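Encoded as structure tokens, the structure appears first; notes follow it.
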Amino acid sequence: MLIAHLPSGYILGRLARRRRREASDVVAAAMLGSVIPDIDMLYFYLIDGGRTHHHAYITHWPLFWATIGTVGVSVGRLLGSRRLPSIAIFLAGAMVHMALDTVASPIMWLAPFSHRPFELVAVPASHGNWVLNFVLHWTFALELVICACLGLGWLRSALPADASQKGS
Ligand SMILES: [Zn+2]
């Protein structure tokens, strides 16, 4: 996934905030969680020199985030943290990242127990540039739909309240 991680995090955060109005930082937490697995790109480019696909790193192991999530939410609950909704939505954002990456890229859902990659659709290397391979593949439409949902949500929130209700 190239462009829709941050928009998906924003949408996730807004949906969560709609349910829990008192938690004002859940949108930021969801957005951060939705992109945090790709922080491994720093290691990929600066240290690894691109030798290993970054989806093989622990930051792209769903069980890593599930474990961090279980521990984080448990400790947050034990301590009675007021940040618990933000912690939970941050980790939910990371898991959404894993799910969206799985659409067109290999993700090892069972690592470290199994390193078998799963992907819904294999994007062929039809073009010389890997970005073009993804942008020109039909799965990129999912990214455009997510971005369009974000745009429609912003448009709807920008309209006066009575104008948005007249349309429905
Ligand atoms: Zn990723």
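Numbering (my numbering), first residue to last: 264 to 431.
Each residue gets a CB set at the ideal place from its N, CA and C atoms; glycine is no exception.
These numbers come from a predicted model, not from an experiment.
About 11 Å separates the Cβ atoms of proline 380 and tryptophan 324, ruling out a contact at the 8 Å cut-off. Restricting attention to alpha helix (DSSP H) runs no shorter than 4 residues, the region 354 to 423 encloses them at 393 to 398, 403 to 421, ordered along the chain.
Distances from the alpha-carbon of leucine 265 to those of Ser420, Val366, His378 put Val366 closest. Rounded to whole angstroms, the separation of the alpha carbons of glycine 391 and tyrosine 320 is 25 Å. With fewer than 16 other Cβ atoms from the protein chains shown falling within 10 Å of its own Cβ, histidine 316 counts as exposed.
Remark: the C-beta of aspartate 288 is outside contact range of ligand 1, defined as less than 8 Å to any heavy atom. Rounded to whole angstroms, glycine 335 and leucine 395 show a C-alpha spacing of 38 Å.
In this structure, the alpha-carbon of leucine 373 lies about 19 Å from that of aspartate 303. Contact check for histidine 268 and histidine 400: beta-carbon distance about 17 Å, past the 8 Å limit, so the pair fails to qualify. In the three-state scheme derived from DSSP, where H, G and I count as helix and E and B as strand, arginine 346 is classed as coil.
Near ligand 1, meaning a Cβ closer than 6 Å to any of its heavy atoms, lie the following residues in chain order: Pro300, Asp301, His323, His360, Asp364. When Ser344, Ser349, Met358 are compared, the shortest CA-CA separation from phenylalanine 327 is found for Met358.
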